[in-house]
Amino acid sequence: MAEFLQYTVNGLIAGSTYGLLALSMTLLYGILTIPDFSLGAIYALGAFISFYIIQWLGPEYYLFSLFPIIILAGLLGIFSERIVFGPLEKAPHAAGFIAALGLYSILEGGWNVWFGSEWRNINSPYNDMTIALGPVSLTFQRLILFIVCLLFALGTFLLIFRTLTGKKIRAFSENREVAQLMGVNTRRISALTFFIGYALTGIGGALVAPTALVGASMGLTPIIKSFIVVALGGLGSVTGAIVGGFILGLGENFGAAYISSMYKDLFSFGLFLGVLILMPQGLYRR
Amino acid sequence: MRILIYLFLGLLALLMPLVIRSNYWLYMLTLVGIYIILVASLDLIYGYTGLVSLGHAAFFGIGAYACGILQTKLGFPFLPALLLGGLFTCLAAAVLGWPMLRIKGPYFALGTLALGLMVTIVIHNWDSLTGGVSLSGIPLPPVIQFLGWTIDFSSKRTYYYLVLLFVFLALFFIRQITHSRPGRAFQSIRENADLAEALGVDILRYKLIAYVLASTMAGVAGGLYASYMGSIEPAIAGGHMSFHLLVMIVIGGARTITGEIVGPLLLWFLPEFLEAAQVYRPLFFGFILLVVIIFMPMGIAGKLRSLHPRIAQWIP
Numbered sequence: 108m109a110e111f112l113q114y115t116v117n118g119l120i121a122g123s124t125y126g127l128l129a130l131s132m133t134l135l136y137g138i139l140t141i142p143d144f145s146l147g148a149i150y151a152l153g154a155f156i157s158f159y160i161i162q163w164l165g166p167e168y169y170l171f172s173l174f175p176i177i178i179l180a181g182l183l184g185i186f187s188e189r190i191v192f193g194p195l196e197k198a199p200h201a202a203g204f205i206a207a208l209g210l211y212s213i214l215e216g217g218w219n220v221w222f223g224s225e226w227r228n229i230n231s232p233y234n235d236m237t238i239a240l241g242p243v244s245l246t247f248q249r250l251i252l253f254i255v256c257l258l259f260a261l262g263t264f265l266l267i268f269r270t271l272t273g274k275k276i277r278a279f280s281e282n283r284e285v286a287q288l289m290g291v292n293t294r295r296i297s298a299l300t301f302f303i304g305y306a307l308t309g310i311g312g313a314l315v316a317p318t319a320l321v322g323a324s325m326g327l328t329p330i331i332k333s334f335i336v337v338a339l340g341g342l343g344s345v346t347g348a349i350v351g352g353f354i355l356g357l358g359e360n361f362g363a364a365y366i367s368s369m370y371k372d373l374f375s376f377g378l379f380l381g382v383l384i385l386m387p388q389g390l391y392r393r
Numbered sequence: 493m494r495i496l497i498y499l500f501l502g503l504l505a506l507l508m509p510l511v512i513r514s515n516y517w518l519y520m521l522t523l524v525g526i527y528i529i530l531v532a533s534l535d536l537i538y539g540y541t542g543l544v545s546l547g548h549a550a551f552f553g554i555g556a557y558a559c560g561i562l563q564t565k566l567g568f569p570f571l572p573a574l575l576l577g578g579l580f581t582c583l584a585a586a587v588l589g590w591p592m593l594r595i596k597g598p599y600f601a602l603g604t605l606a607l608g609l610m611v612t613i614v615i616h617n618w619d620s621l622t623g624g625v626s627l628s629g630i631p632l633p634p635v636i637q638f639l640g641w642t643i644d645f646s647s648k649r650t651y652y653y654l655v656l657l658f659v660f661l662a663l664f665f666i667r668q669i670t671h672s673r674p675g676r677a678f679q680s681i682r683e684n685a686d687l688a689e690a691l692g693v694d695i696l697r698y699k700l701i702a703y704v705l706a707s708t709m710a711g712v713a714g715g716l717y718a719s720y721m722g723s724i725e726p727a728i729a730g731g732h733m734s735f736h737l738l739v740m741i742v743i744g745g746a747r748t749i750t751g752e753i754v755g756p757l758l759l760w761f762l763p764e765f766l767e768a769a770q771v772y773r774p775l776f777f778g779f780i781l782l783v784v785i786i787f788m789p790m791g792i793a794g795k796l797r798s799l800h801p802r803i804a805q806w807i808p
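Same order as they appear, the protein sequences are chains A and B.
Note that this note's numbering has the first sequence beginning at 108, numbered continuously upward.
Note that this note's numbering has the second sequence beginning at 493, numbered continuously upward.
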């Protein structure tokens, strides 16, 4: 029983990151109508920035590093919207998708050059502190990960559903032309959504970094998993992304625990293909 | 008109080893030849049928490992191993493609990527069968004595001709199939799948045919690669490899034989000429891809064709 609880907690923690990433993906999908693969590189960027902040300023500044990450990742998002995806608005979908791949490749290549191709470990001060909640134990870092992810997810949820700006974003993703007719400044909304999406992903990377290996291609598998979540929850659905994230996190952890941990990723991908084949529209309609 | 181009290119390729004596360059050209087979097969799926596949390398890997394992663990000779490897890849593609090709849109591309990664994970972890981190000791084809001629495949030049033979076969096959009834079905799927279906084209069946044919070609290319390199690793089936193939066809120009040849040649030799360190290559690839997809989505061959109809006549 104690193990079961431990797996559940692990699953919820993993799920919170997947949910956050899927949230970014789904927000950007509303604008682009293609999944933005380059988010995988932004995830890695978040991890690197927190790594350098820790190196230059000391481990106490770990949480502080979230601020520059938000700004840098966000700006990168605006840049990518203007330079890469903007010109491709009218092109067929495949072109945008390929452009996202190209962007990912450039960024990942860039990180390889800048950061080096070895995988490293990052230590935040929270990694060494553990807490026990009943029979379950977790490091403080992972608790922070969970809480921060939830906070940002909640914050984004409130933004999307309770503010005027959020309404504009939703209007844009439902029908771009009509939104423009209704007075929504689509250029600004695009840029803002990209800023948010990229910033959230960067934060996700930074939060996970102390608990995993950090390297230029660390974002590849998480980004695929966020696709899985988005497939589960429905492309474009914010609630679907968050709920789907937890489902994947739990499913993956239970699968690893009770089936085989070597094939953990395999299990997620298998689940992905299964969902795609059997339920193409996901759990939530758009 | 195009016959002349084909003859010219064919002759050029045949005479190449007489001009280029360096083993290093022959090695490069042989690998480019293998890539040409791969890219041509990807073009069948992507260019003609319109399916963005990020998992094409998976079948390259499956074919390579099948051929390698048959030779190293089961002692099969080269040609049967190559053919059986191709057959195995064909079956794998049919089994995997059957459910996957029902998936539409961006999900299909991601599904193929997931598939490719799953293949690498299985290859990596099933080390009793695949050698895990790498499979080595794959032999070259044996020396053949034929009417007084000795064909020794350890010579770079001989293996070049072997691969060249397969390149000719592959390109010929692609050309024939795309100019046939199934070929027109493939293109109709790309142009407007719903309309094609309304007109009576069985979409799933033709997608599957294209997918299986292309994957089998990739598998055979894999077998050639395995015997040439002697040792292979799981990464050859993975996302980065698939991505390179896609970049090659996009830049070369989809739906053109020229593109299938130029793409690999350019993307292989240009970094060599620029003496770019291995580390800068993904940057380079990604950048060119972005530039091409934004400004020249039809690729180099497509762009050349669009310059003038007279020129288009000469670009197959």
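Don't be surprised by glycine CBs; every beta carbon is placed ideally from N, CA and C.
CB contact below 9 Å: residue i versus chain A
i, result
"G603 of chain B", "yes"
"M733 of chain B", "no"
"I728 of chain B", "no"
"L504 of chain B", "no"
"A606 of chain B", "yes"
"N617 of chain B", "yes"
"L762 of chain B", "no"
"L687 of chain B", "no"
"A793 of chain B", "no"
"R594 of chain B", "yes"
"L700 of chain B", "no"
"P598 of chain B", "yes"
Closer than 9 Å to chain B by CB, residue i
i, result
"G217 of chain A", "yes"
"S157 of chain A", "no"
"R393 of chain A", "Residue placement at R393 of chain A cannot be trusted, given a pLDDT of 42 that sits under 50; the coordinates are not used to answer."
"P194 of chain A", "yes"
"D372 of chain A", "yes"
"L152 of chain A", "no"
"P142 of chain A", "yes"
Segment limits, beta strand (DSSP E) that includes residue i
i, result
"I643 of chain B", "641-643"
"I636 of chain B", "636-638"
"S533 of chain B", "That residue, S533 of chain B, is in no beta strand (DSSP E); its alpha helix (DSSP H) goes 515-535."
Assigned exposure category for residue i - 16 Cβ within 10 Å defines buried
i, result
"Q563 of chain B", "buried"
"H736 of chain B", "buried"
"A348 of chain A", "buried"
"R392 of chain A", "A caution first: R392 of chain A carries a pLDDT of 46, below 50, which makes its placement in the model too unreliable to give a value."
"Y516 of chain B", "exposed"
"E110 of chain A", "exposed"
"Q248 of chain A", "buried"
"L252 of chain A", "buried"
"G629 of chain B", "exposed"
"K332 of chain A", "buried"
"I120 of chain A", "buried"
"D694 of chain B", "exposed"
"T270 of chain A", "exposed"
"A690 of chain B", "exposed"
"I456 of chain B", "Given a span of 493 to 808 for chain B in the structure shown, any question on residue 456 of chain B remains unanswerable."
Residue(s) in a DSSP beta bridge with residue i
i, result
"L656 of chain B", "None, per the DSSP bridge assignment."
"T581 of chain B", "Beta-bridge pairing links T581 of chain B to no other residue."
"A239 of chain A", "A:S244"
"V754 of chain B", "Partner(s): none; V754 of chain B has no beta bridge."
"V321 of chain A", "A:R227"
"I724 of chain B", "B:L627"
Where the alpha helix (DSSP H) containing residue i begins and where it ends
i, result
"T622 of chain B", "619-622"
"N219 of chain A", "200-222"
"R294 of chain A", "293-315"
"T346 of chain A", "345-365"
"S680 of chain B", "673-690"
"L546 of chain B", "Note, L546 of chain B: premise wrong, no alpha helix (DSSP H); not H, not E."
"Q113 of chain A", "109-139"
"T272 of chain A", "271-281"
"H736 of chain B", "731-744"
"S333 of chain A", "327-340"
Can you confirm whether the segment 701-714 of chain B touches the segment 537-554 of chain B when touching is taken to mean that 3 or more C-beta pairs between the two stretches lie within less than 8 Å?
yes
Quick one: any contact between the segment 262-281 of chain A and the segment 166-175 of chain A, if contact means 3 or more CB pairs under 8 Å?
no
Counting Cβ pairs, one atom from each stretch, are 3 or more of them under 8 Å apart for the segment 311-320 of chain A and the segment 241-259 of chain A?
yes
Below 8 Å, can you find three or more Cβ-Cβ pairs linking the segment 724-743 of chain B to the segment 776-789 of chain B?
yes
At least 3 beta-carbon pairs within less than 8 Å: the segment 180-189 of chain A vs the segment 297-305 of chain A
yes
On the three-pair Cβ rule with 8 Å, is the segment 495-504 of chain B touching the segment 345-361 of chain A?
A contact between stretches requires three or more CB pairs, one per stretch, nearer than 8 Å, and the segment 495-504 of chain B fails this requirement with the segment 345-361 of chain A.
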